[in-house]
Structure formats: structure tokens, C-alpha cells
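In my numbering, the protein residues as written are 411 to 552.
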């Protein structure tokens, strides 16, 4: 998938670890272009979001989009340019602890890490993360 207005291509690989009646536990890896940017365990809960079908008609016509709500559980690693990374432990979506490392695996403080990796937060309020079902309709994508 390529996000609109960006030249990067994102791809996610899933492995099912355990299934339950209302959710599944997965291990997933997300790649930006060909670089690994995240590796994590999470519960996926199936949900359906209804969104306006056309911008001009507002809420008059809606379409249903099947997706899975992501609730992290266990270890999650985020990788940054230069080889630095952070490891965060989650318990049912609650962040327990985050540890920061440089490219050699040596611990860093949160301040050292933030000074080295200036990140711009999301625009607006995040209301969860989701994996959308379906396939990319772009014929140019493999």
C-alpha cells in the first residue's frame, strides 16, 4: 500500500499465533519500502466502520469497511534510521515499559533518543489503529 501523497510503500506480514472466539493474536512485521520499521504482537478484533461514500453528499450515503482493530500485547519493536530502535512492552493495549537502544544495542535514555530522532506526532487525535481488509486496486502494485 502506498499512502496518498507519499512516495513510500508500506507492506505488512502476519503470522497467527492463537485464535479465540472474538479475536486473534498475531505477530506482524511492517516494512516501509524494503526496511523493517516495526515488529509486534497484537490482538486483532474485527470491526466495521461506516464512512461517507462521497465527499459531496456527506452522511447521506455510507459504505461499510471491514477492518481489524489493533491492540498490542507483548513486545513491540520500532526501528529508526541509523539502526536505533525502541522496545515497548504492552499488556492488552496498555503500555508497560519502553526501553531505547542505539544501533549497537546499547541502552539510551528517552531524552537521548528523542534528541536524536525528532518525530512529528499525528495531526489530530488518534482513535486507534486498524488493518483494513481487502486488496489494493492499484494495477501498478505487485
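Cβ atoms here follow ideal geometry from the backbone N, Cα and C, with glycine treated the same way.
None of the values given here were measured: they were computed from a predicted structure.
{"Query": "So residue 501 is in the beta strand (DSSP E); what residue range does that whole segment cover?", "Result": "495–501"}
{"Query": "Sorted by chain position, which residues of the same chain lie with C-beta nearer than 6 angstroms to residue 487's C-beta, five sequence neighbours on each side aside?", "Result": "449, 495 and 497"}
{"Query": "Taking one C-beta from the stretch 515–530 and one from the stretch 442–458 each time, how about it: are there three or more such pairs within less than 8 angstroms?", "Result": "no"}
{"Query": "Taking only three categories from DSSP, how would you classify residue 467?", "Result": "coil"}
{"Query": "Name the residue from 481, 510 and 526 whose alpha carbon lies nearest to the alpha carbon of residue 539.", "Result": "481"}
{"Query": "Using a Cβ-Cβ cutoff of less than 7 angstroms, which residues in the same chain neighbour residue 446 once the five nearest sequence positions on both sides are dropped?", "Result": "439 and 489"}
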